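Take the sequence shown: its position 113, counting from 1, is numbered 126 in my numbering, and each next residue is one higher. We treat Cβ as the ideally placed atom computed from N, Cα and C, and that holds for glycine. Just so you know, these numbers come straight off a predicted model, no measurement behind them. Below: one structure, written as structure tokens.
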Amino acid sequence: MTHSLMPAPEWQVQRWFNTQQAPSVAGLRGKVIVLEAFQMLCPGCVSEGLPQAQRVHATFSPEQVAVIGLHTVFEHHQAMTPTSLAAFLHEYRINFPVAVDLPDPQGSVPCTMRDYAMQGTPTLVLIDAEGYIRQQHFGKVSDLALGAEIAMLLAEAAEPS
């Protein structure tokens with residue numbers, strides 16, 4: 014299968030929550046990855062992005078679909094510390110792995126956010142079982158459209174090569 018698609022860059026992470034082992038794009042090969050980039054002080058993330066990621070996590074088998082949160086802070090740095098994030102994840106009962114995007118000492122946009130050329134939060138990235146970026150949505154995404162996209166990627170991954 015030939016791809017004109019971009020391989021998903023590895024995540025540059027300061028620290029992880031809700032996981033013993035740090036997930037990676039390479040380590041999750043064979044699964045569809047749903048990457049939800051958010052900030053805890055972003056209203057759209059709290060009302061739309063994270064609840065949707067939780068629904069995906071609850072709906073699809075973890076053997077087939079990996080849901081990863083990426084806390085990518087590009088504003089209000091003093092308010093959005095890892096300590097605050099730990100309390101936030103507990104309060105909102107977010108139990109899938111969440112990475113803290115590595116700050117870029119040279120710029121205001123964190124490293125993974127920059128590597129994926131994200132416009133802001135919430136951003137949802139779909140990575141196929143081969144490790145290629147297949148969709149990147151900034152803002153609200155329809156549950157039906159997202160479910161269909163994930164199902165299509167799962168069907169593709171199940172095809173004999």
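Note down, in chain order, each residue of its chain lying with its Cβ closer than 6 angstroms to the Cβ of His70, except the 5 sequence neighbours on either side. Val80 and Phe109
Can the beta-carbon of Ile163 be found less than 7 angstroms from the beta-carbon of Ala21? no
Can you check whether the CB of Leu18 is closer than 7 angstroms to the CB of Tyr145? Cβ atoms of Tyr145 and Leu18: closer than 7 angstroms.
CB-CB length for Cys58 against Thr125, believed under 8 angstroms: With a Cβ gap of about 16 angstroms, Cys58 and Thr125 do not count as contacting.
According to DSSP, is Arg28 part of a helix, a strand, or is it coil? strand
Are Val113 and His150 touching if we call contact CB-CB under 7 angstroms? The answer is no: Cβ separation not under 7 angstroms.
Quick one, which of Glu172, Pro75, Glu88 and Asp117 has its alpha-carbon nearest Lys44's? Pro75
Among all the DSSP beta bridges, which residues are the ones paired with Phe101? Phe101 is not bridged to any residue.
Can you tell me whether Gly179 is helix, strand or coil according to DSSP? The shown model of the chain, from 14 to 174, leaves out residue 179, and the question about it has no answer.
On the criterion of 16 or more Cβ atoms from any shown chain inside 10 Å, does Gly40 qualify as buried, or is it exposed? exposed
In this structure, does DSSP put Leu18 in helix, strand or coil? Coil at Leu18, not helix or strand.
Identify the residues that DSSP records as bridge partners of Glu143: which are they? BP columns for Glu143 are empty, so no partner.
Kindly indicate which residue of Ala170, Gln65, Gln27 and Trp29 has the alpha-carbon position closest to the one of Ala158. Out of Ala170, Gln65, Gln27 and Trp29, Gln65 has the C-alpha closest to the C-alpha of Ala158.
Backbone secondary structure at Ile46 - three-state DSSP: Collapsing the DSSP output to three states places Ile46 in a strand.
Can you name, in chain order, every residue of its own chain whose Cβ lies under 8 angstroms from the Cβ of Glu169, other than the five neighbours on each side? Asp141 and Ala142
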